[in-house]
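**Student:** Residue numbers (the numbering used here): 57 to 385. Ideal Cβ placement from N, Cα and C applies to all residues, glycine included. My structure is below; once you've seen it, I'll send some questions.
Here it is, written out as structure tokens:
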């Protein structure tokens with residue numbers, strides 16, 4: 057019995073490095089993605105709303121508050137105006153009016169005071185959430201849906217927008233769950249041939265012409281592609297050939313995106329190590345090859361028989377070794 061080969065530091069380091077990478081990378085990527093989304097929402101959604109709120113406060117404050125009760129950041133001294141005019145003259149810029157300088161100084165002071173209070177920075181995010189909620193509430197009723205449908209038809213008639221908007225709307229509806237009712241069932245079908253089972257999504261009833269041609273009740277099934285489930289094939293087949301799977305749409309999408317690596321926990325099967333194809337499937341494959349459903353494998357090359365040798369008894373095998381066993385002495 058041979059002793060097991062000793063593993064070096066390089067092989068151990070590679071094994072443990074990739075093991076740790078596989079364990080930590082999903083968590084790190086999830087945190088990074090959430091942080092990137094938070095930064096995008098803060099910079100592109102919340103900050104413009106905060107800027108509008110600050111402009112409104114600067115405009116309203118002197119109209120509703122007495123001069124003696126105005127906040128400190130609102131007060132602009134003459135020294136600040138003179139210093140700013142000198143800085144602009146030193147830079148070769150044209151002078152500004154005193155009212156314009158007061159407005160810029162107030163905006164700068166108010167921005168510094170605003171950023172110093174963390175709870176004020178999330179006001180824009182809270183306002184955005186409330187606006188999204190109100191928009192969904194207003195557009196969710198009958199009148200709102202009718203108005204939104206007319207506005208959408210008007211938008212899709214504009215040049216350039218009509219080529220981009222429908223595709224973006226489909227992607228957003230799919231990501232936000234607006235089309236979840238279309239993929240309400242995960243099914244299993246034999247596609248693209250008998251014996252190959254493919255995971256798909258039941259999308260609903262098919263067309264009347266297909267039912268008439270097939271001579272029975274058919275359903276439509278979407279077959280997603282790996283690793284991009286947004287693309288795939290729409291097939292129509294009899295209802296009796298569709299098998300329901302007891303998994304959710306999210307679990308099926310993870311199964312498709314990972315190419316079958318992430319199997320739902322409720323459906324996991326622990327196969328023995330080194331298990332090959334099922335031997336019971338060989339007779340069925342041979343029968344299907346005989347019927348022409350599966351192409352037969354290419355024939356093996358005939359063994360080389362040198363001149364003068366008896367037929368059917370090659371002198372040497374493919375590697376140049378004797379094919380017949382030697383006599384025992």
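Classify residue 175 as buried or exposed, calling it buried when 16 or more other Cβ atoms lie within 10 Å of its own Cβ.
**Tutor:** For the purposes of this step, residue 175 is taken as residue 119 along the chain shown, with counting starting at 1. Under this definition residue 175 is an exposed residue.
**Student:** So is residue 268 buried or exposed if we call it buried at 16+ other beta carbons inside 10 Å?
**Tutor:** By one-based count along the chain shown, residue 268 stands at place 212. So residue 268 counts as exposed.
**Student:** Quick check: what's the CA-CA separation for residue 100 versus residue 66?
**Tutor:** As a working note, residue 100 is residue 44 in the chain shown. As a working note, residue 66 is residue 10 in the chain shown. Each residue's alpha carbon lies about 47 Å from the other.
**Student:** Tell me the DSSP bridge mates of residue 254?
**Tutor:** Your numbering for residue 254 matches position 198 in the chain shown. Answer by DSSP bridge pairing, in chain order: 245.
**Student:** Per the DSSP calculation, residue 289 is bridged to which residue(s)?
**Tutor:** Translated into the one-based positions of the chain shown, residue 289 becomes position 233. Note: residue 289 sits in a beta bridge opposite 279.
**Student:** Mapping the DSSP letters down to three states, classify residue 147 as helix, strand or coil.
**Tutor:** For this step, residue 147 is matched to residue 91 along the chain shown. The answer is coil: DSSP assigns residue 147 none of H, G, I, E or B.
**Student:** If you draw a straight line from the C-alpha of residue 219 to the C-alpha of residue 212, how long is it?
**Tutor:** For this step, residue 219 is matched to residue 163 along the chain shown. For this step, residue 212 is matched to residue 156 along the chain shown. Straight-line Cα distance between these residues: approximately 8 Å.
**Student:** Taking C-beta to C-beta, are residue 278 and residue 257 nearer than 8 Å?
**Tutor:** Looking up residue 278 in the chain shown gives position 222. Looking up residue 257 in the chain shown gives position 201. It is a contact, given that the beta carbons lie within the stated cut-off.
**Student:** Where does residue 64 fall in DSSP's three states?
**Tutor:** Counting from one through the chain shown, the residue named residue 64 turns up at place 8. Looking at residue 64 - three-state DSSP - the assignment turns out to be coil, as it is neither helix nor strand.
**Student:** Can residue 183 and residue 114 be called in contact, C-beta distance under 8 Å?
**Tutor:** Here the question's residue 183 lines up with position 127 in the chain shown. Here the question's residue 114 lines up with position 58 in the chain shown. Cβ distance not < 8 Å, so residue 183 and residue 114 don't count as in contact.
**Student:** Pull up the CB-CB distance for residue 270 and residue 294, whole angstroms please, since I reckon it's below 8 Å.
**Tutor:** Your numbering for residue 270 matches position 214 in the chain shown. Your numbering for residue 294 matches position 238 in the chain shown. About 6 Å; that satisfies the 8 Å criterion.
**Student:** Assign residue 162 to one of two classes, buried (16 or more other C-beta atoms within 10 Å of its C-beta) or exposed (fewer than that).
**Tutor:** On the chain shown, residue 162 is found 106 positions in, with the first residue counted as 1. Per the 10 Å Cβ criterion, buried.
**Student:** Quick one, which of 116, 263, 308, 319 has its alpha-carbon nearest residue 284's?
**Tutor:** As a working mapping, residue 284 is identified with position 228 in the chain shown. Comparing Cα positions, the closest option is 308.
**Student:** Specify the secondary structure class of residue 326 as computed by DSSP and reduced to three states.
**Tutor:** Along the chain shown, one-based indexing puts residue 326 at 270. Here residue 326 sits in coil by DSSP.
**Student:** Which word fits residue 245, buried or exposed, when buried means at least 16 other C-beta atoms lie within 10 angstroms of its C-beta?
**Tutor:** Taking the first residue of the chain shown as position 1, residue 245 is located at position 189. Burial call: buried.
**Student:** So if DSSP puts residue 261 in a beta bridge, which residue, or which two residues, is it bridged to?
**Tutor:** The count along the chain shown starts at 1 and reaches residue 261 at position 205. BP columns for residue 261 point to 275.
**Student:** By DSSP, does residue 74 sit in helix, in strand, or in coil?
**Tutor:** Translated into the one-based positions of the chain shown, residue 74 becomes position 18. Looking at residue 74 - three-state DSSP - the assignment turns out to be helix.
**Student:** According to DSSP, is residue 82 part of a helix, a strand, or is it coil?
**Tutor:** Here residue 82 is taken as the residue at index 26 of the chain shown, counted from 1. If DSSP states are grouped into helix, strand and coil, residue 82 belongs with the helices.
**Student:** Report all residues from its chain with a CB closer than 6 Å to the CB of residue 196; omit the five preceding and five following residues, and keep chain order.
**Tutor:** Residue 196 sits at position 140 when you count from the first residue of the chain shown. Here the set comprises nothing.
**Student:** Could you give the distance in angstroms between the alpha-carbon of residue 265 and the alpha-carbon of residue 289?
**Tutor:** In the chain shown, counting from the first residue as 1, residue 265 sits at position 209. In the chain shown, counting from the first residue as 1, residue 289 sits at position 233. For residue 265 and residue 289, the distance between alpha carbons rounds to 19 Å.
**Student:** Is DSSP giving residue 298 helix, strand or coil here?
**Tutor:** Looking up residue 298 in the chain shown gives position 242. In the structure shown, residue 298 sits in coil (DSSP, three-state: anything other than H, G, I, E or B).
**Student:** Identify whether residue 139 lies in helix, strand or coil by the three-state DSSP scheme.
**Tutor:** On the chain shown, residue 139 is found 83 positions in, with the first residue counted as 1. Correct three-state label for residue 139: helix.
**Student:** Can you tell me which of the three DSSP states residue 98 falls into?
**Tutor:** Looking up residue 98 in the chain shown gives position 42. Residue 98 falls in the helix class under three-state DSSP.
**Student:** Am I right that residue 194 and residue 200 are in contact with their C-beta atoms under 8 Å? What's the rounded C-beta distance?
**Tutor:** Translated into positions along the chain shown, residue 194 becomes position 138. Translated into positions along the chain shown, residue 200 becomes position 144. At roughly 5 Å, the Cβ-Cβ gap stays under 8 Å, so residue 194 and residue 200 are in contact.
**Student:** When you compare the CB of residue 292 with every CB in chain C, is at least one pair closer than 8 Å?
**Tutor:** Going by chain labels, chain C is absent from the structure shown, which holds only one protein chain.
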